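In what follows, a single structure is set out as structure tokens and then discussed.
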Amino acid sequence: MQVYLNGQFTSRDKASVSIIDRGFVFGDGIYEVIRVVDGRMFRLEAHLVRMDRGLKGLGIPFTAQQRNELDGVMETLIEENNLQKGEGTIYLQITRGAALPRTHAFPPSDTPPTVMIMASPFVPDTEILEKGGHAITVPDIRWSRCDLKTVNLLPNVMAAQEEKKRNAGGVLMIRDGFVTEGYKNNVFAVFDGTLQTYPDSPYILSGITRDVVFEIAKEEGIPLKMAPIEEKEILKADEVMLTGTITDIQPVVSVDGHRIGMGRPGPVARLLQKGLRHRMDSE
Ligand SMILES: Cc1ncc(COP(=O)(O)O)c(C=O)c1O
């Protein structure tokens, strides 16, 4: 696998970062995951806008020239890794760079950020997309800037491990009695034909796929309500689903053992799946 690290293309096993990199030492950085379909990056600009917002939010200096170079780098990685056909993902990470002494406050502003990008084949989980998943709830123990896509992912790692341990298919995180999002996806529910999701807030990441869902809902005339859903209310939803770049639109057919709707993927989830697939294949 060919990867990109700080201006160079190299094989993955030869690429290494410094032990004093602030991404390694402090989790001081941001990342993006971009879907690649038949060599095309889906909603690339939206990902780069979110990346910019994250860099700005963390105060990591990144010039327009550095940003403009990313497009070409990603195109090259797609070619070098034979992703012109089929499904793939790009992983992009930018940290505040390597600096000593190890002090929490920012290093000098001329410290070069560490930029790492890799492109890999991706296999969507077609079974769970078709049948839906049995989700669990876990407390949302994250910080109050979940709108920044930082590499500080320990609460997400713990949530994913809980999902694995309990052989579940999806996690809903609960903060103050409300469903915020999943550890790698946003959560939507359908009540009497209206789609509902957590509003833009520092407690969730505004997903690129979530925006696509808004678009499809508008096009299809599905009413949308931006309001937090209570943990006990979501059990009464007609449909629940998770949305994300590597999740696509995954129906949830039970939550903590309580059946959702008819216990199978519903018509709104199917419509949204179709709309997302169409966009990924045609844009
Ligand atoms: C916590 C969290 N919420 C939501 C999402 C979905 O965002 P997107 O649709 O941009 O992939 C992700 C994606 O990784 C995520 O990590």
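To convert, note that position 220 of the sequence shown is 219 in numbering that gives the first Met the number 0; the numbers rise steadily by one, no gaps.
A virtual CB, placed ideally from N, CA and C, is assigned to each residue, including glycine.
Please read all numbers here as calculations on a predicted model, not as lab measurements.
- Message: Per DSSP, what are the beta-bridge partners of G28 in this structure?
- Response: T94
- Item | Range of the contiguous beta strand (DSSP E) that encloses Q7 | Q7 to S10
- Under the three-state DSSP convention, the category S108 falls into: coil
- Message: According to DSSP, simplified to helix, strand and coil, what is I59?
- Response: coil
- Query: Below 8 Å, can you find three or more Cβ-Cβ pairs linking the segment 94-107 to the segment 163-175?
  - Reply: no
- Task: Return the CA-CA distance between H257 and E161, expressed in angstroms with no decimal places.
- Result: 18 Å
- Query: Residues bridged to N204 by DSSP?
  - Reply: The sequence given here has Leu at residue 204, not Asn. DSSP output for L204 lists no bridge partner at all.
- Message: Can you check which of these residues, L69, K55, V137 and F41, is closest to G206 by C-alpha distance?
- Response: F41
- Message: Quick check on this structure: which residue in R263, T244 and R269 has the alpha carbon closest to the alpha carbon of G285?
- Response: Given that the chain is displayed from residue 0 to residue 282, the structure contains no residue 285 and the question cannot be resolved.
- Message: According to DSSP, is Q160 part of a helix, a strand, or is it coil?
- Response: helix
- Cutoff 6 Å; reference L147; Cβ partners in own chain excluding five residues on either side: G53 and G56
- Query: If you draw a straight line from the C-alpha of Q195 to the C-alpha of R21, how long is it?
  - Reply: 38 Å
- Cut-off 6 Å between Cβ atoms - residues of its own chain near N184, not counting five sequence neighbours on either side: L241, T242, G243 and T246
- Taking V267 as part of the alpha helix (DSSP H), name the residues at either end of that continuous run. P266 to S281
- Query: Should the segment 132-145 be called in touch with the segment 82-97, which here means at least 3 C-beta pairs below 8 Å?
  - Reply: no
- Short Cβ contact (7 Å threshold) for A97 with I19: yes
- Task: Could you tell me whether any non-hydrogen atom of ligand 1 is closer than 6 Å to the CB of I89?
- Result: no
- Query: Can you name, in chain order, every residue of its own chain whose Cβ lies under 6 Å from the Cβ of P222, other than the five neighbours on each side?
  - Reply: T193
- Message: Can you determine whether any heavy atom of ligand 1 sits closer than 6 Å to the C-beta of L204, and answer yes or no?
- Response: yes
- Query: Where does M40 fall in DSSP's three states?
  - Reply: strand
- Item | With 16 other Cβ atoms within 10 Å as the buried cut-off, status of M261 | exposed
- Message: Going by DSSP in three states, F368 sits in which element: helix, strand or coil?
- Response: The chain is shown only over 0 to 282; residue 368 falls outside these bounds and no answer can be derived.
- Query: In chain order, what residues of the same chain lie with their CB nearer than 6 Å to the CB of L4, ignoring the 5 residues before and after it?
  - Reply: A14 and M115
- Does DSSP put H257 in a helix, in a strand, or in coil? strand
- Provide the residue(s) that pair with S119 in DSSP beta bridges, ordered along the chain. T88
- Message: Quick check: does the Cβ of G28 come within less than 6 Å of any heavy atom belonging to ligand 1?
- Response: no
- Message: Nearer than 6 Å: is that true of the beta carbon of T208 relative to any heavy atom of ligand 1?
- Response: yes
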